[in-house]
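Student: Sharing a structure, written as structure tokens. Questions coming.
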Amino acid sequence: MSGRSPGRIAVLISGRGSNMHALIDACNSGALPAEVCLVISNRADAEGLRSAREAGIETACIAHADFPDREAFDSALVARLQQAQPDLVALAGFMRILTPVFITPFAGRLLNIHPSLLPKYPGLHTHQRAIDAGDSEAGSTVHFVTPELDGGPPVLQARVPIQAHDTADSLALRVLEMEHAIYPLAARWFLQGRLTLDKQGAHFDGQKIPANGLHYRPPVNADGAAAGSRP
Ligand code: GAR
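Last residue of the sequence shown? That's 1083 in my numbering, and every number before it is there in order.
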């Protein structure tokens, strides 16, 4: 982030875009002193692409199917992103495996949100896998992106208890609510220069972040309940 201009965030999505909207809403409310300068989707029919456009945000569709291989797709993404000059690139439900062609130019300013307590359950079907394993909690992790799939250093993690009657869908809803809190917060820390990545790993205010990331605690309201949580 340079000068007095707000931080510029580019967001990559493939679908619904609720995490993208959490970032946009946080920018609009001032909780995140930044602007979403570009939203890119690899799918023209992504719901989030349409809603970003309606919110007046610049959008682009770069369809992976139009490219012969991952590297060609990744270099088209890089070229479009570089025009937008983002300070931070946030993957928000972007369901493509990225190669070093994409990751290297944005190393250290590339974050992802993943719906599990990494390093548990990289990849897909995270909630069902947590339920099937009999885990007592699930959650979400914001992490720096490295070439290892869902394997970059965790930054911030929110935990959600798994209840006896939970299905993958019911659990996903509660985890998503946490995702909408932790992604804007991690983005804010990053743009404030509090969150950094170097060869030793991820750091917060100069201190090494633990292997599972910092533990998010939802703000507590006057009734002692987590603010924003469902009854
Ligand atoms: C979110 O739950 C996000 O953590 C997950 O996709 C969902 C996107 O929802 N990401 C991944 O699984 C990436 N490996 P959204 O489009 O409503 O933000």
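We put the CB at the ideal spot given by N, CA and C, even for glycine.
1. In the DSSP assignment, what are the bridge partners of residue 941?
2. Tell me the DSSP bridge mates of residue 879?
3. Hey, is residue 1002 close to ligand 1, as in C-beta under 7 Å from one of its heavy atoms?
4. Assuming residue 900 is part of the alpha helix (DSSP H), what are its boundary residues?
5. Taking 7 Å as the cut-off, is the C-beta of residue 870 nearer than that to any heavy atom in ligand 1?
6. Using the Cα positions of residue 1026 and residue 870, report the straight-line distance between them to the nearest angstrom.
7. Tell me the DSSP secondary structure of residue 935 in three-state form.
8. Can you tell me whether residue 1022 sits near ligand 1, meaning its C-beta is under 7 Å from at least one heavy atom of the ligand?
9. Can you determine whether any heavy atom of ligand 1 sits closer than 7 Å to the C-beta of residue 923, and answer yes or no?
10. Alpha carbons only, please: which of 965, 895 and 905 is nearest the one belonging to residue 849?
11. Check the DSSP bridge columns for residue 976 and list the partner residues they point to.
12. For residue 967, which residues of its own chain have a beta-carbon under 6 Å away from its beta-carbon, when the five flanking residues on both sides are left out?
13. Taking only the alpha-carbon atoms, compute the straight-line gap between residue 957 and residue 1003 and give it to the nearest angstrom.
14. Residues bridged to residue 995 by DSSP?
15. Is the beta carbon of residue 1068 less than 8 Å from the beta carbon of residue 1009?
16. Can you say whether residue 1021 is buried or exposed, counting buried as having 16 or more other CB atoms within 10 angstroms of its CB?
17. Keeping to the same chain, check which residues put their C-beta closer than 7 Å to that of residue 929; ignore five residues upstream and five downstream.
18. How far does the alpha helix (DSSP H) with residue 1072 in it reach, from first residue to last?
19. Could you work out which residue in 898, 918, 923 and 920 is closest to residue 911 when comparing CA atoms only?
20. Spatial neighbours of residue 859 within its chain, please: CB distance less than 6 Å, with the 5 preceding and 5 following residues excluded, ordered by chain position.
21. Measuring only from the beta carbon, is residue 887 closer than 7 Å to any heavy atom that is part of ligand 1?
22. Given the structure, does residue 945 come close to ligand 1, in the sense that its CB is under 7 Å from one of the ligand's heavy atoms?
23. Just to check, is the beta-carbon of residue 906 closer than 7 Å to a non-hydrogen atom of ligand 1?
Tutor: With the given structure in hand:
1. Numbered from 1 along the sequence shown, position 89 holds the residue referred to as residue 941. Partner(s): 862 and 962.
2. For the purposes of this step, residue 879 is taken as residue 27 along the sequence shown, with counting starting at 1. None; residue 879 has no bridge partner.
3. In the sequence shown, the residue the question calls residue 1002 occupies position 150. Because some heavy atom of ligand 1 lies under 7 Å away, the Cβ of residue 1002 counts as near it: yes.
4. Along the sequence shown, read from residue 1 onward, the residue named residue 900 stands at position 48. Here the alpha helix (DSSP H) through residue 900 covers 899-906.
5. For the purposes of this step, residue 870 is identified with residue 18 of the sequence shown, where counting begins at 1. At least one heavy atom of ligand 1 lies less than 7 Å from the C-beta of residue 870.
6. The sequence position of residue 1026 within the sequence shown is 174, counting from 1. The sequence position of residue 870 within the sequence shown is 18, counting from 1. When rounded, the distance between both Cα atoms is 13 Å.
7. Counting from one through the sequence shown, the residue named residue 935 turns up at place 83. Look at residue 935 here: in three-state DSSP terms it is helix.
8. Taking the sequence shown and counting its residues from 1, one reaches residue 1022 at position 170. Answer for residue 1022: no, Cβ out of range of ligand 1.
9. Along the sequence shown, one-based indexing puts residue 923 at 71. Answer for residue 923: no, Cβ out of range of ligand 1.
10. Lying outside 853 to 1083, the shown extent of the chain, residue 849 is not represented and no answer is given.
11. The sequence position of residue 976 within the sequence shown is 124, counting from 1. According to the DSSP secondary-structure assignment, residue 976 is paired through a beta bridge with no residue.
12. Here residue 967 refers to the residue found at position 115 of the sequence shown. Excluding the 5 residues flanking it on each side, residue 967 has same chain C-beta neighbours closer than 6 Å at 978, 992 and 1027, in chain order.
13. Indexing the sequence shown from 1 puts residue 957 at position 105. Indexing the sequence shown from 1 puts residue 1003 at position 151. Looking at the backbone, the Cα of residue 957 and that of residue 1003 are separated by about 18 Å.
14. Translated into positions along the sequence shown, residue 995 becomes position 143. As DSSP reads the structure, residue 995 sits in a beta bridge with 964 and 1006.
15. On the sequence shown, residue 1068 is found 216 positions in, with the first residue counted as 1. On the sequence shown, residue 1009 is found 157 positions in, with the first residue counted as 1. Taking 8 Å as the Cβ cut-off, residue 1068 and residue 1009 qualify as a contacting pair.
16. As a working note, residue 1021 is residue 169 in the sequence shown. Counting the other CB atoms within 10 Å of its CB gives residue 1021 a total below 16, which places it among the exposed residues.
17. Here residue 929 corresponds to residue number 77 of the sequence shown, with the count starting at 1. The answer, listed in chain order, is 892, 914 and 954.
18. Within the sequence shown, numbered from 1, the residue matching residue 1072 stands at position 220. For residue 1072, there is no enclosing alpha helix (DSSP H), as DSSP marks it with neither H nor E.
19. Locating residue 911 in the sequence shown gives position 59, counting from the first residue. Comparing alpha carbon positions, the residue from 898, 918, 923 and 920 closest to residue 911 is 898.
20. For the purposes of this step, residue 859 is taken as the residue at position 7 of the sequence shown. Cβ within range, chain order: 853, 886, 939 and 1043.
21. Indexing the sequence shown from 1 puts residue 887 at position 35. False, no ligand heavy atom lies under 7 Å from that Cβ.
22. Position 93 of the sequence shown holds residue 945. Distances taken from the Cβ of residue 945 to the heavy atoms of ligand 1 include one shorter than 7 Å.
23. As a first step, residue 906 is located in the sequence shown; it is residue number 54 there, counting from the start. It does not: the Cβ of residue 906 is nowhere closer than 7 Å to a heavy atom of ligand 1.
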